[in-house]
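Oh and the sequence shown: position 269 is 269 in the UniProt record's numbering, straight run, nothing missing.
Don't be surprised by glycine CBs; every beta carbon is placed ideally from N, CA and C.
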Amino acid sequence: MGPTADPHRRSTSSDTSTEELSPALLGAIQRIVTAALQEHVSVAAPPRLAPPPEAKVLEEEGAEEAPVPVLPAGRRRDIPRPEPPEVPPQWLACLEHLQKGLQDVKYQIEGAPEDERQGVPFTDAVMTDELPLNCRTPAIAETDGTTDPMEHLSRFENAAPLHRYTDGIKYRVFVTTFARAAQQWFNQLPVGAIENFQEFRSLFLHQFASSRKLRKTELSLFAVRQKDDEPLKEYLQRFNAAALEVPAATQEVKASAFSQELLDGDFFKSLAKKPVAKFDALLARAAKYINMEEAQAAKKETRGEKRKEIKEGHPPRNLVSTLEKENPLSKE
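This is how it looks when you write it as structure tokens:
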């Protein structure tokens, strides 16, 4: 008798029982076999061959079978061997299909790297949607986990309707926008953990919540102050840039914040005399004072050049004034 098998010996890849296989692999094997049978075995099985006439006669008469003559060893090679029955081509195709499918399963069990054996975190229902031939990823930048996750998700969700992604395709396309830390996070998710895109969305935002940008409030606009000797035009440009980061700020809040941090000057006195409630009206009035400041700056530069020429002994040149004769403030 040969050596008895050790019941405690760990099974190798060649004698792995079905109890050790995951439900996903068992399902894959079942699908492979079913698909092969449905695709290749479409004809009835060959009819059973009738017994030879000699055998039928012996059965009816109850005669004894004739002894098989024993031939010398040298002549046994001359006995023609019966040819094996011809296998239908559909069965050969079926076996080839099964062999290829089982090789893929074997690769999943023992040939795939450790990280590839983990599978994907999507359920089977998500993976059933087939990718169309013209499927393309949206033209958005990748995220590595350090950028704002909400901005990245918003860009993807805005582009998804343009490509007409189904729910199953949306999962897989969104993963292609991951890089480095984001890709590593996705790879460690449990198999079958994600059932719908809303759940995937929540997991993504929760994981990279620390990378979200702090949203500025309306109070941040009151911290934008006009610097000493800063022209009104430059102050207005800085304030507008800050207001773009607070899209919820109303016209009234922006007008109040801009006026409060304005230096004491002609424009501030104008707003004190005739306040404005809307920021658009404030911009229209500010344009007049910006033009006046630029005209005064040009006049100051012209006078400086004239004094320099007189100081150096050169005759003064005819200068054309760039200022308006009438003060624009007198119209208010």
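- Looking only at D148, A141, K299, the smallest Cα-Cα distance to R215 is reached by D148.
- According to the DSSP secondary-structure assignment, I140 is paired through a beta bridge with no residue.
- For F178, the three-state secondary structure derived from DSSP is strand.
- Q226 counts as buried, since no fewer than 16 other beta carbons sit within 10 angstroms of its beta carbon.
- Around the Cβ of H206, a 10 Å sphere holds fewer than 16 other Cβ atoms; the residue is exposed.
- In the three-state scheme derived from DSSP, where H, G and I count as helix and E and B as strand, F208 is classed as coil.
- CA-to-CA, the gap between L263 and A257 works out to about 12 Å.
- Here the alpha carbon of E252 sits roughly 10 Å from the alpha carbon of L282.
- Taking 8 Å as the upper bound for CB-CB distance, L232 and F267 are in contact here, some 6 Å apart.
- Residue pairing by DSSP places I194 opposite F122 in a beta bridge.
- CA-to-CA, the gap between Q296 and Y289 works out to about 10 Å.
- In chain order, F122, V126, I194, F197, F200 place their CB closer than 8 Å to the CB of Y171, counting only its own chain and leaving out the 5 sequence neighbours on each side.
- Within 10 angstroms of the beta-carbon of T176 lie fewer than 16 other beta-carbons, which makes it exposed.
- Taking every protein chain shown into account, the CB of L244 has fewer than 16 other CB atoms within 10 angstroms, so this residue is exposed.
- In the three-state scheme derived from DSSP, where H, G and I count as helix and E and B as strand, G168 is classed as helix.
- Counting along the chain, no alpha helix (DSSP H) covers D148, and no H or E run does either.
- Burial is judged here by how many other beta carbons sit within 10 angstroms of a residue's own beta carbon; K269 has fewer than 16 and is exposed.
- For Y235, same chain residues with a beta-carbon under 6 Å away, outside a window of 5 residues either side, are Q226 in chain order.
- For Q251, the enclosing alpha helix (DSSP H) begins and ends at 251–260.
- Under the DSSP assignment, Q237 falls in the alpha helix (DSSP H) whose first and last residues are 232–244.
- If you look at L271, you'll find it in the alpha helix (DSSP H) that goes 266–273.
- Residue state for D129 is assigned as coil, using DSSP reduced to three classes.
- With a cutoff of 8 Å on beta-carbon distance, A179 and D229 are scored as not near each other.
- As the crow flies, the alpha-carbon of Q183 is around 22 Å from that of T166.
- Assigned with DSSP and collapsed to three states, N134 falls in coil, not helix or strand.
- If you ignore the 5 residues before and after A277, its C-beta comes within less than 8 Å of the C-beta of Q251, E252, A255, all in its own chain and listed in chain order.
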